[in-house]
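Residue numbers (this note's numbering): 3 to 424.
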Amino acid sequence: MKILVIGQGGREHALVWKLAQCEGVEKVYCAPGNAGTAIDGENVNIQADDLGRLMSFAKHNEIDLTVVGPEAPLVAGITDEFRAHGLKIFGPSKAAARLEGSKSFCKEIMKKAGVPTAAYKTFKRFEEVEAYLESQDDGPLVVKADGLAAGKGVYVCRNHAQVLAAAELMLKRDLYGVAGRTIVIEECMDGPEVSILCIVDGDVIIPLETAQDHKRAHDGDRGPNTGGMGAYSPAPLVTEEIMDQIIRQILVPTVHTMRVEGNPFSGVLYAGLMLTKNGPKVLEYNVRFGDPEAQPVFMRLKSDLAQVLSLAASGRLCELESLEWDDRPTVCVVMAAEGYPEDYKKGLEISGLSEADDVPGAKVFHAGTTAKDMKVLTAGGRVLGVTAIGDNLAEAKANAYAAAEKISWQGSWYRTDISDKA
Ligand code: AMP
Ligand code: GLY
Numbered sequence: 003m004k005i006l007v008i009g010q011g012g013r014e015h016a017l018v019w020k021l022a023q024c025e026g027v028e029k030v031y032c033a034p035g036n037a038g039t040a041i042d043g044e045n046v047n048i049q050a051d052d053l054g055r056l057m058s059f060a061k062h063n064e065i066d067l068t069v070v071g072p073e074a075p076l077v078a079g080i081t082d083e084f085r086a087h088g089l090k091i092f093g094p095s096k097a098a099a100r101l102e103g104s105k106s107f108c109k110e111i112m113k114k115a116g117v118p119t120a121a122y123k124t125f126k127r128f129e130e131v132e133a134y135l136e137s138q139d140d141g142p143l144v145v146k147a148d149g150l151a152a153g154k155g156v157y158v159c160r161n162h163a164q165v166l167a168a169a170e171l172m173l174k175r176d177l178y179g180v181a182g183r184t185i186v187i188e189e190c191m192d193g194p195e196v197s198i199l200c201i202v203d204g205d206v207i208i209p210l211e212t213a214q215d216h217k218r219a220h221d222g223d224r225g226p227n228t229g230g231m232g233a234y235s236p237a238p239l240v241t242e243e244i245m246d247q248i249i250r251q252i253l254v255p256t257v258h259t260m261r262v263e264g265n266p267f268s269g270v271l272y273a274g275l276m277l278t279k280n281g282p283k284v285l286e287y288n289v290r291f292g293d294p295e296a297q298p299v300f301m302r303l304k305s306d307l308a309q310v311l312s313l314a315a316s317g318r319l320c321e322l323e324s325l326e327w328d329d330r331p332t333v334c335v336v337m338a339a340e341g342y343p344e345d346y347k348k349g350l351e352i353s354g355l356s357e358a359d360d361v362p363g364a365k366v367f368h369a370g371t372t373a374k375d376m377k378v379l380t381a382g383g384r385v386l387g388v389t390a391i392g393d394n395l396a397e398a399k400a401n402a403y404a405a406a407e408k409i410s411w412q413g414s415w416y417r418t419d420i421s422d423k424a
């Protein structure tokens with residue numbers, strides 16, 4: 003089997019690494035990939051949004067399965083195009099990817115499904131926001147751009163003045179372009195956050211092992227929001243009882259309603275949840291694997307990922323009995339460029355990569371890297387996801403940090419408390 007992975011981050015390196023180990027997989031390509039995917043697979047110099055060239059590559063190289071990493075090509079409709087040309091691809095249709103691509107669509111589906119989530123209203127005009135706030139008591143609210151805003155576009159506001167400022171940025175100043183011309187204003191919830199991911203094909207739902215992301219830049223969850231500074235698996239916060247509640251009250255009704263509404267969901271359904279005192283509630287849905295959650299989760303997966311994704315892409319997930327997992331925990335520490343999540347330099351030489359890979363139980367997943375003249379250079383803000391397994395969480399953490407310590411470039415840094423929440 004020949005597989006094409008689309009994307010270039012840490013999640014995609016973890017996908018390439020795992021898929022390349024599966025039985026019957028002869029080759030894994032990654033478009034465009036990074037310096038790590040070039041080692042565990044073979045890079046193809048085509049950008050993730052270049053649909054025409056991706057499709058012609060898949061045809062000419064007789065790719066048996068394409069796996070899409072990031073959300074943007076899914077929301078743009080890559081799976082519909084591939085399928086229309088008889089190519090097998092894992093991921094939701096354009097219509098179903100609106101669960102991530104449009105917050106207002108997502109909210110409507112949850113309302114129809116009776117899924118617990120924050121109460122909300124949708125707005126297109128700034129004056130309507132002003133009028134709405136006048137009718138409400140002052141207090142915290144959350145303002146969200148409707149469309150994809152590259153992880154930005156969510157404002158947790160303490161009072162109405164902040165809500166108006168956020169609404170103005172989007173509705174009057176066009177900060178996110180078309181993505182912010184519709185906004186959702188919702189109730190502000192409180193509680194710890196967890197992500198639950200599952201593989202879905204229309205009506206079969208297979209939950210993955212839990213993982214916990216660390217979204218803030220600095221230790222103790224301080225600093226600005228980022229794409230994710232590290233993750234560990236499993237997340238003990240999600241007890242069997244809570245998981246059962248999440249499946250029954252959230253995942254099943256969502257997947258069912260998507261089908262009933264004519265948008266059957268196939269691919270990864272990623273539920274971002276808040277465990278409130280009134281039970282788990284949905285913050286958002288994503289339609290792809292998490293990054294960096296994929297790195298610690300795939301390291302624990304014992305089942306044949308190529309077979310699982312292939313069955314899901316063919317609508318035959320019901321043939322899969324269950325997933326097999328390594329009981330041992332894993333920890334992923336993201337190493338970032340100086341300045342991230344704001345501006346940062348690229349093109350700095352990274353040293354110590356092979357020494358880090360030699361640490362027992364460790365694997366260095368590349369994210370923002372590129373290879374040049376036998377050197378590995380930084381090429382993004384989140385540069386590496388140093389991931390390790392251990393007999394217990396303390397050992398997994400110690401292994402991940404022992405590996406991270408071997409690596410450096412000018413200005414490299416990482417959080418030192420990944421997995422302490424557990
Ligand atoms: P989202 O992209 O919708 O997951 O939002 C990003 C972050 O904003 C979440 O991880 C939460 O920390 C926060 N957030 C989003 N919606 C709410 C809400 N309704 N109440 C409280 N915090 C929220
Ligand atoms: N780690 C957060 C995300 O993948 O959206």
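Even for Gly, the Cβ is constructed at its ideal location relative to N, Cα and C.
Nearest-angstrom Cα separation, counted from residue j out to residue i
| i | j | result |
| --- | --- | --- |
| Thr184 | Trp327 | 42 Å |
| Ala74 | Ala147 | 15 Å |
| Leu67 | Glu129 | 49 Å |
| Cys159 | Pro255 | 30 Å |
| Val70 | Asp140 | 43 Å |
| Ala60 | Pro94 | 18 Å |
| Arg318 | Ile91 | 13 Å |
| Lys377 | Ile352 | 8 Å |
| Ile201 | Asp221 | 32 Å |
| Thr39 | Ile207 | 29 Å |
| Gly383 | His258 | 38 Å |
| Ala369 | Asn36 | 7 Å |
| Thr212 | Ser197 | 7 Å |
| Tyr178 | Glu170 | 11 Å |
| Leu56 | Ile48 | 7 Å |
Where residue i falls, given that 16 or more other Cβ within 10 Å makes a residue buried
| i | result |
| --- | --- |
| Gln297 | buried |
| Met112 | buried |
| Lys423 | exposed |
| Lys109 | buried |
| Met172 | buried |
| Asp215 | buried |
| Asn161 | exposed |
| Gly1 | The structure shown does not extend to residue 1, since the chain is modelled only from 3 through 424, so no value can be given for it. |
| Cys334 | buried |
| Gly9 | buried |
| Lys365 | buried |
Which of helix, strand or coil DSSP assigns to residue i
| i | result |
| --- | --- |
| Val30 | strand |
| Thr228 | coil |
| Glu344 | coil |
| Met57 | helix |
| Ser268 | strand |
| Lys408 | coil |
| Phe367 | strand |
| Val289 | coil |
| Arg330 | coil |
| Met276 | strand |
| Thr124 | strand |
CB-CB length for residue i against residue j, believed under 8 Å
| i | j | result |
| --- | --- | --- |
| Leu325 | Ser305 | 5 Å |
| Asp331 | Pro236 | The question names Asp, but residue 331 in the sequence shown is Pro. At roughly 6 Å, the Cβ-Cβ gap stays under 8 Å, so Pro331 and Pro236 are in contact. |
| Leu350 | Gln412 | 5 Å |
| Glu64 | Lys4 | 6 Å |
| Gly149 | Ala181 | 3 Å |
Heavy atom of the ligand AMP within 7 Å of residue i beta-carbon
| i | result |
| --- | --- |
| Ala120 | yes |
| Val77 | no |
| Lys146 | yes |
| Val158 | yes |
| Cys190 | yes |
| Glu110 | no |
Heavy atom of the ligand GLY within 7 Å of residue i beta-carbon
| i | result |
| --- | --- |
| Asp215 | yes |
| Asn227 | no |
| Gly230 | yes |
| Gly9 | no |
| Gly292 | yes |
Residue-chain proximity (residue i, chain C), Cβ-Cβ < 8 Å
| i | result |
| --- | --- |
| Met191 | Here there is only one protein chain, and chain C is not present. |
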